[in-house]
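Position 131 (the sequence shown) corresponds to 133 in this note's numbering; numbering is contiguous. Just so it is clear, CB atoms sit at the ideal spot from N, CA and C, and this is done for glycine as well. Heads up: the structure comes next, in structure tokens.
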Amino acid sequence: MGNDQLIRREVAMFRRRHWFVLLLGSVFVGWMIWGRSSSTAAELSSPLSPGQYEITTTSEGFERTAVVHIPKGYQATNPPPLVIVLHGGGGGADSILNHDNWAAKADQEGFVVVAPNGLPARPRLPANFLANPQVWNTGQLREGSPRSKIDDVAYIRTLLDELKTKVPHDASQVFATGHSNGGSMTFRLGAEMSDRLSAIGTVAGMLAIENPKPARPLPMLYVYGTEDPLLPLEGGESTLPWGTRTTPAVESFLKTWAEASGCASEPKVIAEDDAIKKVRYPSTNNGPEVTVLYLKGHGHSWPGANRTIPSSMTGPNVSKLNATDELWSFFKKSVE
């Protein structure tokens with residue numbers, strides 16, 4: 003076979019692989035927990051009425067967007083709590099609001115919920131699930147990369163400042179939660195922005211910053227599926243849509259977070275059955291505690307989300323827990 007024929011064959015093989023990856027990516031986007039739904043949010047206006055609105059702020063020279071859900075019965079004269087919800091890598095605000103049921107929960111309970119959008123990995127180029135996913139700077143990004151230089155904590159602070167005037171809410175009841183990469187960002191907010199938060203919760207996230215030192219400890223609920231293939235219980239290498247990564251054992255970073263929060267380094271089992279093991283890291287000084295729900299046999303999916311994820315992608319989706327209900331209940335109790 004001549005060189006020309008070899009080149010043509012390799013080009014053809016490349017094209018076939020390329021189209022296969024694109025096809026796989028399109029299916030993956032449709033099913034994955036990070037998948038985005040089309041935005042129907044209007045511009046934020048005054049006076050506010052129930053619905054979803056887009057709010058744009060500028061942080062470090064970038065225009066950042068978020069979707070704010072105003073619940074039914076909202077009254078600016080009686081400011082309700084605020085929940086910040088952070089999407090996973092490659093996702094967007096609409097997904098965590100609508101598929102993970104935070105908008106519906108806000109309407110049911112009467113709180114405001116805001117879902118910021120992360121910037122793409124290459125922040126000056128358009129977002130693309132496979133080639134340029136929207137992510138958060140949790141401490142996991144490659145040092146020196148363009149995205150690692152952008153301070154997402156500063157952005158969330160700016161967003162809260164904007165919301166303070168545009169969407170009146172109770173500043174003494176501001177909570178943060180997230181899924182996967184967004185859950186990892188929630189850890190970082192708890193470490194670097196505890197002065198603005200009342201409690202935090204995370205689903206399938208990890209602590210990615212070294213030596214966290216929150217200004218004040220916060221109550222925390224951590225929800226984790228023991229069969230998560232993207233964040234293995236014992237740590238090690240896992241495969242994501244964008245490549246492989248190595249993560250520490252879950253108990254290892256939870257111990258680090260517990261100690262940083264003024265809690266004991268070893269947890270106590272509070273309750274256990276066939277589906278869930280609940281443990282708590284007790285405070286050493288009568289302060290906030292860290293609570294963990296281990297969902298037995300569950301994978302990486304947000305428990306209780308209104309979508310079905312193939313187990314070949316994210317592991318088993320078997321838990322009967324509704325993570326959104328559980329987190330909101332935890333947040334309410336944390337300020338009682």
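Closest in alpha carbon position to VAL176, among SER182, GLY317, LEU127 and ILE158, is ILE158.
Under the DSSP assignment, ILE272 falls in the beta strand (DSSP E) whose first and last residues are 270–274. In this chain, the beta strand (DSSP E) harbouring SER61 covers 53–61. Collapsing the DSSP output to three states places HIS181 in a strand. For MET222, there is no enclosing alpha helix (DSSP H); the enclosing beta strand (DSSP E) has its first and last residue at 222–227. Cα atoms of ALA108 and GLY92: separation of roughly 24 Å, rounded to the nearest angstrom. Contact between LEU220 and ALA201 is confirmed by a C-beta separation of about 6 Å, below the 8 Å threshold.
Apart from the 5 residues on each side of it in sequence, ALA262 sits with its Cβ closer than 6 Å to the Cβ of PRO214 in its chain, given in chain order. Inclusion of ARG282 and HIS101 in the CB contact set at 8 Å is not warranted, their separation being larger than that value. Within the DSSP bridge table, the entry for VAL281 names VAL271 and VAL294 as partners.
Counting other Cβ atoms within 10 Å of its Cβ, SER51 stays below 16 and is therefore classed as exposed. Sequence-distant partners of ARG149 (beyond 5 residues in either direction) whose C-beta falls short of 8 Å from its own C-beta, in its chain, are LEU121, PRO122, ALA123, ARG124, PRO125, VAL137, ASN139 and LEU143.
Secondary structure remark: continuous alpha helix (DSSP H) runs of at least 4 residues inside the region 103–160, in chain order: 104–111.
Rounded to the nearest whole angstrom, the CA to CA distance from SER48 to ALA78 is 11 Å. For the pair LEU199 and THR160, the Cα-to-Cα distance works out to about 14 Å. As DSSP reads the structure, SER240 sits in a beta bridge with ARG247. Beyond the five residues adjoining it in sequence on each side, SER147 comes within less than 8 Å, by CB distance, of ALA123 in the same chain, given in chain order.
Around the beta carbon of LYS335, a 10 Å sphere encloses fewer than 16 other beta carbons of the protein chains shown; the residue is thus reported as exposed. Collapsing the DSSP output to three states places ILE98 in a helix. GLU65: member of the beta strand (DSSP E) spanning 64–72, first to last residue.
In terms of Cβ geometry, LEU223 and GLY203 form a close pair [threshold 8 Å]. In this chain, the alpha helix (DSSP H) harbouring LEU329 covers 325–336.
Pairing ASP172 with PRO73 gives a Cβ-Cβ distance that is not under 8 Å. Sequence-distant partners of MET195 (beyond 5 residues in either direction) whose C-beta falls short of 6 Å from its own C-beta, in its chain, are VAL155.
Rounded to whole angstroms, the gap between the alpha carbons of PRO128 and VAL87 is 22 Å. Take GLY317, set aside five residues on each side of it, and the residues of its chain with a beta-carbon closer than 6 Å to its own are GLU229, ASP230, PRO231, GLY301 and HIS302, in chain order. Residue pairing by DSSP places THR204 opposite GLY180 and TYR224 in a beta bridge. The three-state reading of DSSP puts LEU233 in coil, since its state is none of H, G, I, E or B.
Here LYS257 is buried: its Cβ has 16 or more other Cβ atoms, across all protein chains shown, within 10 Å. Residue pairing for LEU88: DSSP places it in a beta bridge opposite GLY180.
In the three-state scheme derived from DSSP, where H, G and I count as helix and E and B as strand, GLU212 is classed as coil.
Burial state of ASN288 is exposed, judged by a 10 Å Cβ sphere holding fewer than 16 other Cβ atoms.
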